[in-house]
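For reference, the structure discussed in these notes is given below.
There are 2 protein chains.
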Amino acid sequence: MTSLWDRSRQVAVQAILDTALRLFAEQGYEQTTIAQIAREAGISQRSLFRYFGTKEDLVCGDQDALGELLKQTVEQQPAEVSAWDALRAGFEVLLTANHTPERALELSRLIFDTPALHARYIEKRLRWQAALVPVVQARLGAAPGPTPDPRAKAIVATVFACADSATELWATHDGRLDLADLYAQCLAAVRGRS
Amino acid sequence: MTSLWDRSRQVAVQAILDTALRLFAEQGYEQTTIAQIAREAGISQRSLFRYFGTKEDLVCGDQDALGELLKQTVEQQPAEVSAWDALRAGFEVLLTANHTPERALELSRLIFDTPALHARYIEKRLRWQAALVPVVQARLGAAPGPTPDPRAKAIVATVFACADSATELWATHDGRLDLADLYAQCLAAVRGRS
DNA sequence: GCCTACCTGGCAGTTAATGCCAACTAGGCG
DNA sequence: CGCCTAGTTGGCATTAACTGCCAGGTAGGC
Chain A
6 MTSLWDRSRQ
16 VAVQAILDTA
26 LRLFAEQGYE
36 QTTIAQIARE
46 AGISQRSLFR
56 YFGTKEDLVC
66 GDQDALGELL
76 KQTVEQQPAE
86 VSAWDALRAG
96 FEVLLTANHT
106 PERALELSRL
116 IFDTPALHAR
126 YIEKRLRWQA
136 ALVPVVQARL
146 GAAPGPTPDP
156 RAKAIVATVF
166 ACADSATELW
176 ATHDGRLDLA
186 DLYAQCLAAV
196 RGRS
Chain B
6 MTSLWDRSRQ
16 VAVQAILDTA
26 LRLFAEQGYE
36 QTTIAQIARE
46 AGISQRSLFR
56 YFGTKEDLVC
66 GDQDALGELL
76 KQTVEQQPAE
86 VSAWDALRAG
96 FEVLLTANHT
106 PERALELSRL
116 IFDTPALHAR
126 YIEKRLRWQA
136 ALVPVVQARL
146 GAAPGPTPDP
156 RAKAIVATVF
166 ACADSATELW
176 ATHDGRLDLA
186 DLYAQCLAAV
196 RGRS
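Structural data, given as structure tokens:
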């Protein structure tokens, strides 16, 4: 059922993405205009905005799909797995599903170096967090009462904070360190006695 | 040495801020234009942008001073205070220094309900985090070596994650719960054995 | 009383983003 | 095959956030 439209759409999306990422890497995010991307990708400005609603989505757009994957992975962990371990499992799935390491590194650097992108990225991440809170809450076996239970929210936020710290360290060291290992170190610093 | 210029500047800033916040509360952030704020505040659009570099700064602007206050408070804690306690002390100072509770609640709701503002707020918060990492690292007594120490970064990120979770809970419950208490609960959920 | 320094306002221009409309194209149907 | 419909594309105009520039004004030192 993949019509010709769907296929050419895929091709166009990829072409736009490649052009944009190349230009961002060459001249920086702020210095690259939508007009230039559209011109070099051989598409009208108007259509570019139909594919990607905002300039930031050119970088952070495909995060949405990853968020869904993360949620499903956490949900499908066996019931006896703790909330912390379930979230770690989800995080590890993301690592393999992301892109090639080089691409992920390039994207990470772009995001961490560009305040506007960083903010947008975190905004998307916050939506993942909100979606994960009920999942984690169920795993904690809490009865939702009148006084809300901050535990699930805090745990999810902390896991993301550690994942973010680990990713930033990984990016600033050009990917030479092991990301999963950095994540474990971050979590240990938080949860261990100190 | 407060010249007339400084004073009228203060007055102007306050007038703009009051007008902007009122309009944001009445019609929402996105629906309010800079032109309208300038008109109702009796100032030119050009000068408004000189006082506040961006529209978002009308809401998140004074966060900068708070960040500096936070950093200094944490720095000035006695040496025997742990990193966690020093950060908590800083957070508590922020609570009292903020504004009136009503104003803080109104601002919090505006920020949490407006994606663009939320992103901007987090962006500023990230700068606080970066400034705090060396302070916390010194308190951890770590010798910065070739292999970086993720602990300070992770601890700071976690404290902010918990503070953010607590603030969001506090705002969604109209300020009826105690913010410091919520923060303690969040941190306990993360650091306690579970 | 003048002069310098700074502040203010208007104007034009750039960039991201949106709505509208006309031209086009794929794919179904007689 | 020829048409028709639906979905797509591109150009044009518009809005809103910003920025640079320049002319005018005002406070404060000399």
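For the protein sequence lines, the chains are A and B, in the order given. When we follow the working numbering, the leftmost residue of the first sequence carries the number 6, and every step to the right adds one. When we follow the working numbering, the leftmost residue of the second sequence carries the number 6, and every step to the right adds one. No residue lacks a Cβ here, since even glycine has one placed at the ideal position from N, Cα and C.
According to DSSP, simplified to helix, strand and coil, what is residue i?
i        : result
Tyr188/B : helix
Val86/B  : coil
Ala91/B  : helix
Phe57/B  : coil
Gln68/B  : helix
Met6/A   : At Met6/A, the pLDDT of 47 sits below 50, so the modelled position is not reliable; the number obtained from the coordinates is stated separately. Three-state DSSP puts Met6/A in coil, outside helix and strand.
Gln15/A  : helix
Asp183/A : coil
Asp169/B : helix
His123/A : helix
Asp23/B  : helix
Gln134/B : helix
Ile2/A   : Here chain A comprises residues numbered 6 to 199, so residue 2/A is not present and cannot be evaluated.
Asp62/B  : helix
Leu38/A  : Looking at the sequence itself, residue 38/A is Thr, so the reference to Leu does not match. In the structure shown, Thr38/A sits in coil (DSSP, three-state: anything other than H, G, I, E or B).
Ala81/A  : Inspection of the sequence shows that residue 81/A is occupied by Gln rather than by Ala. In this structure, Gln81/A counts as coil in the three-state DSSP scheme.
Thr105/B : coil
Asp154/A : coil
Decide if residue i is buried, meaning its Cβ has at least 16 other Cβ atoms within 10 Å, or exposed.
i        : result
Glu31/B  : exposed
Met6/B   : Reliability of the predicted coordinates at Met6/B is poor, the pLDDT of 46 falling under 50, and the value obtained from them is presented with this limitation in mind. Exposed is the call here.
Trp133/B : buried
Trp10/B  : exposed
Asp169/A : buried
Gln142/B : buried
Ala40/A  : exposed
Ser49/A  : exposed
Ala102/A : exposed
Arg12/A  : exposed
Glu73/A  : exposed
Thr177/B : exposed
Arg14/A  : exposed
Anyone know if the C-beta pair for residue i and residue j falls short of 9 angstroms?
i        : j        : result
Leu187/B : Ala162/B : no
Thr24/A  : Glu45/A  : yes
Leu71/A  : Ile21/A  : no
Glu128/B : Ile116/A : no
Cys191/A : Pro139/B : no
Ala164/A : Phe96/A  : Rather than Ala, the amino acid found at residue 164/A in this sequence is Val. Taking 9 angstroms as the Cβ cut-off, Val164/A and Phe96/A qualify as a contacting pair.
Glu173/B : Thr119/B : no
Leu131/A : His123/B : yes
Ala157/B : Ala88/B  : yes
Ala196/B : Arg93/A  : Before going on, a small fix: residue 196/B reads as Arg here, not Ala. It is not a contact, given that the beta carbons lie outside the stated cut-off.
Gly66/A  : Phe57/A  : yes
Leu26/A  : Leu112/A : yes
Gly180/B : Glu107/B : yes
Ala166/A : Ala135/B : no
Arg144/B : Ala84/B  : yes
Thr38/B  : Phe29/B  : no
Leu75/A  : Leu184/A : no
Asp90/B  : Gln82/B  : yes
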